[in-house]
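Step one of this worksheet: look at the structure below.
Shown next, in the form of structure tokens:
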């Protein structure tokens, strides 16, 4: 149905799950046609991803993703801590996961899947990398892999990565590295 | 910590939320270092998105996304119904949301945000579009907008879309439309 007014108006709501990272809310909303419906929203603290380039190679991390029961090769990434800015988070995650710090430039900000969650992803480009490791999270397991930038672009185009932010970030910077 | 073995092994788990669309599970897992940790996973039925091109214009839908409390301009998309294939879903969603049907070609499959959900997104390219509307969902409100393909590519590159699948899909097909 096409309408001028698309707004769904909050009527009342409750928290139906308080998780360790996510919180799920169930709200009653007033639709543009006057109907009342229900919206379940997964609240998320937000996250960053870092396209880190060293000597024309991208630094990727191989890790086991429990949610999808398989290993992935992704750009370094992580969730925002409380009161942490996206830039601070990007610097911390890059050092924790790869051992490098560098110059950071904002590349893109987007919603990962706005149909059911407010998770926002901030992508950064890191260059001028210097080895300066931070103590990694002792319960996080990953392997750093370096791939020539042009090969990574081809892998993104051929759907050889499984992770949206990794594909999106590499495609966005194609021709600029 | 770098390890050869990255696997996180399921020990036991429970469903902690049975939502209308999502289900949240909380599992105990055995980490590679022998520690036991907790993983919360949002189970999702999976979804499709369709890059639909007519006369060198892309068909986009403007809609209110309650989870992020704002309007977005996105490619037509939707969740898989029970026992529905991604291709069937793509055909249905395109007709429901834009009124068109066309040839469908698989473009990419990826996980939207594998840190906390198993949601998988199947992207299709629809061409040879014919007007053949399906009755839309009466509680779904959207406006179809047509944008020249080259302009959509520029908008994706300039971060003017907010939705990951829309940016990714357009960038992936840059130069092929």
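Chains as they are written, first to last, in the UniProt record's numbering: chain A, 1 to 177; chain W, 1 to 177. Cβ atoms here follow ideal geometry from the backbone N, Cα and C, with glycine treated the same way.
Cβ contact annotation for residue 103/A (same chain, cutoff 8 Å, sequence separation greater than five): 126, 127, 128, in chain order. The secondary-structure analysis by DSSP pairs residue 134/W with nothing; it has no beta-bridge partner. For the stretch 66 to 87 of chain W, the set of positions with a beta-carbon nearer than 9 Å to some beta-carbon of chain A reads 66, 67, 68, 69, 70, 71, 72, 74, 77, 78, 79 in chain order.
Residue 52/W: member of the beta strand (DSSP E) spanning 47 to 54, first to last residue.
Taking 8 Å as the threshold, the shortest C-beta distance from residue 146/W to chain A does not fall below it.
DSSP places residue 77/A in the uninterrupted beta strand (DSSP E) bounded by 77 to 79. Taking 8 Å as the threshold, the shortest C-beta distance from residue 164/A to chain W falls below it.
Annotation: Cβ neighbours of residue 29/A in chain W (cutoff 9 Å, chain order): 66. Comparing C-alpha distances from residue 93/A to each of 26/A, 142/A, 31/A, 160/A shows the shortest one belongs to 142/A. About 14 Å separates the CB atoms of residue 96/W and residue 47/W; that is not less than 8 Å, and the two are not in contact. Any Cβ of chain W closer than 8 Å to the Cβ of residue 98/A would place that residue at the interface, and such an atom is absent. Residues of chain W whose Cβ lies closer than 8 Å to the Cβ of residue 175/A do not exist, since the nearest Cβ in that chain is about 10 Å away.
Residue range 100 to 111 is occupied by the beta strand (DSSP E) that includes residue 109/W, with no alpha helix (DSSP H) assigned at that position. Residues of the same chain with a CB within less than 7 Å of the CB of residue 147/W, apart from the 5 flanking positions on each side, are 57, 58, 60 in chain order. Under the three-state reduction of DSSP, residue 22/A is assigned to coil, being neither helix nor strand. The beta carbon of residue 125/W does not come within 8 Å of any beta carbon belonging to chain A, so the residue lies off that interface. Under the three-state reduction of DSSP output, residue 115/W falls in the coil class, being neither helix nor strand. Using a C-beta cut-off of 8 Å, the stretch 35 to 52 of chain W makes no contact with the stretch 64 to 71 of chain W, since fewer than three inter-stretch Cβ pairs fall below that distance. Residue state for residue 126/W is assigned as strand, using DSSP reduced to three classes. Considering only beta carbons, the part of the stretch 35 to 48 of chain W lying closer than 9 Å to chain A consists of 35, 37, 38, 39, 40, 41, 42, 43, 44, 47, in chain order.
The DSSP-derived three-state label of residue 176/A is coil. Per DSSP, reduced to three states, the secondary structure at residue 17/A is strand.
Chain A places no beta carbon closer than 8 Å to that of residue 50/W, leaving this residue out of the contacts.
Within chain W, the residues placing a beta-carbon under 8 Å from that of residue 115/A are 47, 65, 67, 77, 79, ordered along the chain. Residues of the stretch 7 to 22 of chain W with a C-beta atom less than 9 Å from some C-beta of chain A are 7, 8, 10, 16, 17, 19, 20, 21, 22, listed in chain order.
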